[in-house]
Structure formats: structure tokens, C-alpha cells
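What follows is one structure encoded as C-alpha cells, with my remarks underneath.
Chains as they are written, first to last, in the working numbering: chain B, 33 to 868; chain L, -13 to 155.
Right, dumping it as C-alpha cells:
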């Protein structure tokens, strides 16, 4: 059992997710999540429906809800024919027992997305009717239904109004419209499995129910293949080890039956007769060890191997020899398997990380960092453990049990049958306690995680705590949690201190049975004392393998899930990749043309909606517009973080898709709003854009970026460590370092994405100055909210909802008196306030 | 010397006596003030959907602009109150769990079979972070599909439910 006190927080919360608890209810209702709009209609409703229908009217859509209008769980039905919509509300709440809407009058069909439930509403020219209320689980089904209803009503000649955009504030604000058809979403964090409809655990991202374990485990073997030359010998060694482990049972029987008992008999007989104890022990037969003894005698001539005393010593020696041999063999094998395991880990980790680096940006947007990290660290090592140890353990333990059973049955099948009686008990308790234990430990892990959470949030926030004098409150909160851990630990201790004694008792009861039944048989003359000893020997070794095998299933499932998580990364193809005939271009001029470019993130709304314009080399283009207008998306298309859905972007006459991604990005420099610095020195961070840059170049770039002054004022100068994510330098400094980074690359195309928005005025002027130098002779795209940043721009492109709204120079746009002029005016007013 | 501003002066509530909320034929909410201003298709939003459900209801007009805040639903005229409460109850659907019949968990997903104030239901929770315990024993649960459930006070549940729930808190 993993101690709850070890491991990081993430690993703990991760582990706690594993394992199962509670028994699966036997008669679970089948979840009603079939994606169909033609369900089977209950007879009674069908009758009632037909009373309403005209002749020849056909029922096209039948869907059931899971909520009724008064908010109780239950089924209501929504029917659609080619002429009308009928809603059955079976408890008649809100006065609508049966609602009927003629399709010709339908003007719009709306889905009101609310907090914890949705309503399907149909709007006609005179009124509006709420036809169905359902929980969020049925969202996909009703989205489909809405689509069909719309089709039905438009084929009835009704003109569906453009859905009124009702995007309200607040939780789940009304959304006028259905989402895209289910399953069409791009990657995305799916909450339910598309195949089986069961929820997908958040930490996993893949459905644990649908993992095809056998297939995955077969695929895992591929990673073991290169090491078969080690694995096979190790496996054979394990067989030997397991066999030798069992063999001393046989020897002890030999010892007792052939030497000790006869010797004891002789002595007993002698003392009973009052005769002196004989000097010479009785001659013993070697039994099936005859051959071995002869060989040994010929090897070690001087050893006292003759006579029963010699026999006795030989057996002891063999026992010692076997265990020494086993010890050696085990350690060699242990090292071999560790070598294989570590090799597999390293390969798999490198392969996964390498593939991760080739993946496109959107893959990372859809998944959280911690999740990806744990796949590379945790899941891979779990797989290693499974490939290297898990499988061999399973085979090994089964073999041990089989060996032991075979030897026991061979020795005395009657006694063997008796001895097997406590085994089901053993299995039962192992499984029951295993489940209970994992339950208790899960609770405990969660409580430990709570403590970590509170520490992680309060310690960084200590200034706030002190400023508002809330120390006592925080102390009490913490103390509450430690009490929970305390009681949880005691629960675990309770179980633990019960578990071991019970297990001991069961193993011991097997011994008792051996004494009882075996002893009985000895008294009947049916059994020898040696066999009894042999059995006792096996009993001690029976427990471990049984336990391992009981845990086998869980081990398989864990490995399968981990494999799925790792393979999901490996199997994702990059959405932006080089065509086979893509070419590298070394020196571009920087002419850029957008031709009817469309792009969407989610298939619902186009982020870029048919943008066309031309940029000449050396021009500085200012991109202006509200947040969400598509400015950042547009520059992401230039860098090919994404590829356009339709249309092309042409650089120097080449379609960007025909240019190798790497060679394209080498020509592009990017300065972001919140620049990302890696943990390292300032020099390393500036040099990141140009591998092998000299110190001279780095200083020159820093000078150009107005960064040199502040850098040399640090005691460590360019060797200053910036800390994780550049935490040890200020925002403005970070920004200038990142500008230096971009300058050093000397790119033909430069992208400034809100490069100065979060900086004070003084620093901004410095950065402005730097930028001015930087933009000369390059094609520049600058995004800015602060329009003053764009004063050097040759032209401005105003974007609105993914489309080009206005385009021209500052003066031209002011004269036009459109969106840009409006924005300018507002900002002038603002800046007045600020100046004042 | 200026008087320090009083924070409470910064928020003015809608005058409960001079407004009336009703529902039109399109099942949309309409608010009418005594000075004649009328807004249709208004949307009420709870400021505290968890902790104070009947007070501080913000009303938004159809363009999403704030009309104002209703301080207390119960101060409204009885008609307005009924309409508003009906709308809020429909909009915020959060059944109260009264009994947990079974709680089965594997790999972090837990499947709950519960009895609620609105009937029996089964749902799945994807991560324990979707289960939030509040100070007074109240538990809020969000299921895999975004539906919400609550337990008023888990300490008052029957022993079986309590023990099942303990594995999740």
C-alpha cells in the first residue's frame, strides 16, 4: 500500500483516482443516452397522438426528456409530425398537458441553456411555447432534435427567423442556438465518451471503460521486443528461482523421513531396552537423492558423506547451497530487469516528448499542463513497472502456486485437499480488505491533498493574510484539516491492525489443519512425518502469490489506462505539418497576401471570416479591433500555429502551406504581451532565438532593445538568473528581454502581439524606442489596444468579427469617420483623464 | 475634509414598489416601472446562486445591459414575485439530494444513484473537484454534463448515505 505521506500532491491526487471502491450495483439502469430522434413511443401516448393527427400524417420525430416541467425527474415526450409539434407533459404542470404547435406558424426554435437544465422553446408569430425541459445530459440529443425540427418546419414553408442572439450574462446565460453537431468539436475536453456514453475522468481524458486492454497490452510488448535478449533469460531465471524456492520442502521431508525419524527410533528403542546408545547411526537409504550423493562424493572425497550423519549434513548443505544460489540468481535477475525497465521508460519518455514537441498549438490548448506532465512521468513509469515486473510476477506467482500444489498432491492428495480449504477464505479476505483499504486510503489521500491545497494557496498569499489579520482564521482552517487527516489515519490503522492478524490467523489455520489432519493420518499410519513437514513449509509460502494474483486485474486495468493515455499523445497527428513537397526558403522579402482566408477554432463561429489584403515587404501593419475580433488569430495564421480552413496566405508568392514550417518560422520573430522567459540566465534567454549566438551579438541585441542598461545594473549582469518564468525580473524588463530575443533573430517578418500593453508609460516610451529600431526594414504586424503604439504603422487594418472593417493610413481612417475614428476618439478622452 | 464614501451608497436597488414583472405571450419576462419604462425579454440573474438565492437578483435587458438589482424578491408585489420566482426556479435547477443509494467509483469517476427532492436520478462525477463542501455541511455537486445537485447538510444524512459520501469529501 502506498503510504499517503509520500509523493507529490499531483501524484497523490492521481493515485487516489485509481482503484475502485464500493461494489458495482448489479442492476444498474441502462443510461438513456442513445443519440436518436426516433425513440420508441409508449403505446398510450401513441393512441393519444393519433387522436390529434390528420389522415396520412406521419410521426417524424419522437424524443423523450428526463425532466418534467415542474422540475421532477421523469419522462416527457416531444413528437413532431410533418405538420405539427406535440409535447406531452404527463403531470400537466403549468397547464400544458398536451401542447400542440403547427409547424407552419413556427418562427424560431430556441434552446435556453440554463443552470443545470435546458428548455426547448418554440416561438410562433403570436406566442412562444416551451416544449421540453431536460437536463444537460440530453444536450446532444436535443441539439440533434432542434436541427430536425428546423428542417421539418422550413419544409413546411415557415421562414425561420435568424435566431435571436440571447447571450445573457450570469451562469449559463441563454444561448440562442445549438452547439455544433456533437462529436464535431475539435479535440476538446470531452466530458462523456463518444462510444459508451460514460463520463470520462477529468484527470485521464480517455474513457477508461472503452480502453481495449488486450490490444494495448499487445502494443506495449513492442516496447519490450528490443530487449528480448535480456527478458527471455531473465524469465528463464525466474522459473529456476521459483522452482528452487519450492524445492527445500522436498528436502525437509527427506531429512525427516529418512534420517531423523529412523535415528530417533533407534535411540528410543535403545533407551527403552536399557541398552547403551549406539555409536553408529543406522544406515539410511538415499532414496531418490542417491545419484546426487554419488556425484557429490566423487567431487568432495574428504567430506564425511557416508553414513547417515553424512547424509544429514549433505541435505543441510544442499539447502544452504540452493538458497545461496537463489540469492545470487535473484540479484542478477533483479538488475537485468531493472535495466530493461529503465531502458523502456527512457525510450517511451523520449518518444512521447519528441512527439509532443511536433504537435500543433491546439493540442496544448485543449489539455491542461499537469495532465500532460503526469502522462510523461507517471504513466510511463507505471507502464515500465507493468512491462518489466507485472507480467513476469503474474506468470511467476502462478507457477509457484502450481509447483506447490503439484508437489502437495504428489505427496498426499488427501492432505492437499484439506489444506486447500482455507485458500478461498484467504482470497476472500484479501479482496475484501484490499477494497476496504483502498477506500480508506482514498479518503486519506484526498484529505492530505486538502492540506497541500490550503498550504499552496495560503503561503503565497501570506501578505494578504497578514494585511487583513486573518492568521487565526487560517490556523483554525488548517487545524480542522489536520484533524480530518488524524481521524483518517486512525481509520487506516484500525483496518491495518485488523488485517494482518486475520491474515496470520488464516495462514495459521492452514497449519493447524495440517497438524490436525496430517497428525491424524500419521496416527492411522497413512502419512509420514516428513510429508507433514513438507506441507508446513509450503503453507508459509502460499500467501504472497495468492495476494499478488488477487490484485492482478487491477494491475491490468491500470496499465491499460496508462497505456491509453500515453498512446493518445503518440497517436495524435500534428494538424500543421509539412507537405511532402514543401520547400525551404532561406531569405524571404516579406510580401504577404491574404486571399479569402477563413478559420474557425470550434466549427461554430468563424474566427476569421473571409479576410483578404496585401502587405508589401517593409510595411508596418497595425491590427486594430475589439478583443475577439480576430487580431491574434490572424497573426497565428502567419506563423502557422494554425492553418486556414479555406483560402491561402501567400508569402513572396509561395503558399505558406508549401513552405517548410521550420524554415518559415525561422523568418518570423514574435514579441508577446506577456513574454515567456525560461528559467536560465538573461543571456541564455536572449540567445534562445539564435543557437550559438556570440556574447557580442547578445549585447548588441540587448542594446537595440534598450535592455542593456538595466541588465548591466544587475550584480550578475547578463548572467542573472531570471527565475522560473522570468519571475525575478519586472514586467517591463521581461518585455525588453523578449524584444532583444526577437531582434537577435533578425527576422524578416515581425509580429508584435500587444507588446506594450501592460507596461507603465515611462517604460513604454523606452520600449517604443526599441521597437522603432526593430521594425525598420521588416514586414511588421503590430497588435495594440493603445493606438499610440501604432503611430509608426504605415497602414492600419481594422478587424471586426473576423472581417476586415476598414483599411488605410491613420489619416485616411480618421477622415472616413468609421470604427477607427471612433476608437481613436475614445482613447484620446481616456488619455486626457490619465494625463490629468 | 471630505467625508469618507460609504460603500453602501454605491449600490442603489430597484424600487420594489414602482416595478412590476410579468410574463408575455412569448413566455418572456417583462418589467415595467411606474414611470412607464418597459423592458421585455429581461433576464434575471442571481448574484449568489448558492448562498442567497432570493436576494440581489440582477435584471438584464435583452442586450445584456444591466437594468438594476432587485434587493429582495419577497419585497416585490405578489404577482411580480411569483413570476420572478417561477423563472428563477426554472433557470436554476439544482435538486437537493436526500439519500444516496449507491456510490460506485472507478478511476476517479463516481457514479451516484441518489434520491432527490425532484425524484430519483443517476449521474456521474468526473473529478472530486466537482464536489465542493461548504462550511455548514452543505455539499455542491456538478456532474459530468454540467447538471448541479446539492446536499443541504451532509451531517444530517442517514448513516448509509453519510458513509458513502465520506469517501468523496
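Glycine is no exception: its CB is placed at the ideal position from the N, C-alpha and C atoms.
Span separating the alpha-carbon of residue i from that of residue j
i                      : j                      : result
residue 107 of chain L : residue 84 of chain L  : 11 Å
residue 122 of chain L : residue 138 of chain L : 9 Å
residue 127 of chain L : residue 81 of chain L  : 10 Å
residue 827 of chain B : residue 841 of chain B : 4 Å
residue 57 of chain B  : residue 832 of chain B : Caution is warranted here: a pLDDT of 44 is assigned to residue 57 of chain B, below 50, making its placement in the model unreliable, and no coordinate value can be reported.
residue 763 of chain B : residue 797 of chain B : 14 Å
residue 875 of chain B : residue 778 of chain B : What the structure shows of chain B is the stretch from 33 to 868, and residue 875 of chain B is not part of that stretch, so it cannot be assessed.
residue 727 of chain B : residue 716 of chain B : 10 Å
residue 662 of chain B : residue 639 of chain B : 6 Å
residue 441 of chain B : residue 267 of chain B : 26 Å
residue 251 of chain B : residue 559 of chain B : 51 Å
residue 457 of chain B : residue 569 of chain B : 20 Å
residue 848 of chain B : residue 838 of chain B : 9 Å
residue 96 of chain L  : residue 470 of chain B : 15 Å
residue 531 of chain B : residue 290 of chain B : 40 Å
residue 69 of chain L  : residue 139 of chain B : 25 Å
residue 6 of chain L   : residue 770 of chain B : 58 Å
residue 151 of chain L : residue 140 of chain L : 8 Å
Cβ neighbour criterion (16 or more within 10 Å) applied to residue i
i                      : result
residue 144 of chain B : buried
residue 25 of chain L  : buried
residue 445 of chain B : exposed
residue 147 of chain B : buried
residue 397 of chain B : exposed
residue 34 of chain L  : exposed
residue 125 of chain L : buried
residue 854 of chain B : exposed
residue 622 of chain B : buried
residue 739 of chain B : buried
residue 420 of chain B : buried
residue 567 of chain B : buried
residue 491 of chain B : exposed
residue 98 of chain L  : buried
residue 525 of chain B : exposed
residue 857 of chain B : exposed
residue 154 of chain L : buried
residue 79 of chain B  : exposed
residue 549 of chain B : buried
Option in the options with minimal Cα separation from residue i
i                      : options                    : result
residue 807 of chain B : B:817, B:797, B:825, B:796 : B:825
residue 630 of chain B : B:84, B:834, B:432, B:604  : B:834
residue 772 of chain B : B:290, B:83, B:721, B:122  : B:721
residue 111 of chain B : B:170, B:625, B:177, B:567 : B:177
residue 766 of chain B : B:565, B:82, B:712, B:84   : B:712
residue 68 of chain B  : B:710, B:86, B:172, B:456  : B:172
residue 263 of chain B : B:369, B:579, B:253        : B:369
residue 611 of chain B : B:749, B:691, B:555        : B:691
residue 54 of chain L  : L:31, L:39, L:61           : L:31
residue 669 of chain B : B:493, B:625, B:550        : B:625
residue 602 of chain B : B:412, B:708, B:617        : B:412
residue 812 of chain B : B:646, B:658, B:686        : B:646
residue 723 of chain B : B:776, B:680, B:708        : B:776
residue 588 of chain B : B:249, B:614, B:754, B:367 : B:249
The ligand NAP heavy atom lying under 7 Å from the CB of residue i
i                      : result
residue 689 of chain B : No copy of the ligand NAP occurs in the structure displayed, which carries no ligand at all.
Subject >> Near-chain L residues of the segment 455 to 478 of chain B (beta-carbon distance less than 7 Å), N- to C-terminal order >> reply: 471, 474, 475, 478
Subject >> Selection of the segment 125 to 151 of chain L by Cβ proximity to chain B, strictly under 7 Å >> reply: Listed in sequence order: 130, 131, 132, 133, 134.
Original post:
Looking at chain L, which residues of the segment 835 to 856 of chain B have a Cβ within less than 7 Å of any of its Cβ atoms?
Top reply: none
**OP:** Please list the residues of the segment 66 to 85 of chain L that have a C-beta atom closer than 8 Å to any C-beta atom in chain B, keeping them in chain order.
**Re:** 75, 76, 77, 78, 79, 80, 81
**OP:** Tell me the start and end of each unbroken beta strand (DSSP E) in the segment 649 to 722 of chain B that is at least 3 residues and wholly inside, in chain order.
**Re:** 652 to 656, 678 to 683, 700 to 703
Original post:
When Cβ atoms are compared, which residues of the segment 1 to 17 of chain L fall closer than 9 Å to chain B?
Top reply: 10, 11, 12, 13, 14
Original post:
Looking at chain L, which residues of the segment 387 to 404 of chain B have a Cβ within less than 7 Å of any of its Cβ atoms?
Top reply: So the list is empty, because no residue satisfies the distance condition.
**OP:** Determine which residues of the segment 161 to 186 of chain B have a Cβ less than 9 Å from any Cβ of chain L, and write them out in chain order.
**Re:** 161, 162, 165, 167, 168, 169, 170, 171
Subject >> Under 9 Å (Cβ pairs) to chain B, residues found in the segment 96 to 117 of chain L >> reply: So the close ones are 96, 97, 99, 102, 103, 104, 105, 106, 107, 108, 109, 110, 111, 112, 113, 114, 115, 116.
Subject >> Interface residues of the segment 97 to 115 of chain B facing chain L [CB-CB below 7 Å] >> reply: 103, 104, 105, 106
**OP:** Mind checking the segment 145 to 161 of chain B against chain L and listing, in chain order, the residues whose C-beta falls within less than 8 Å of any C-beta there?
**Re:** 146, 147, 148, 149, 151, 153, 155, 158, 159, 160, 161
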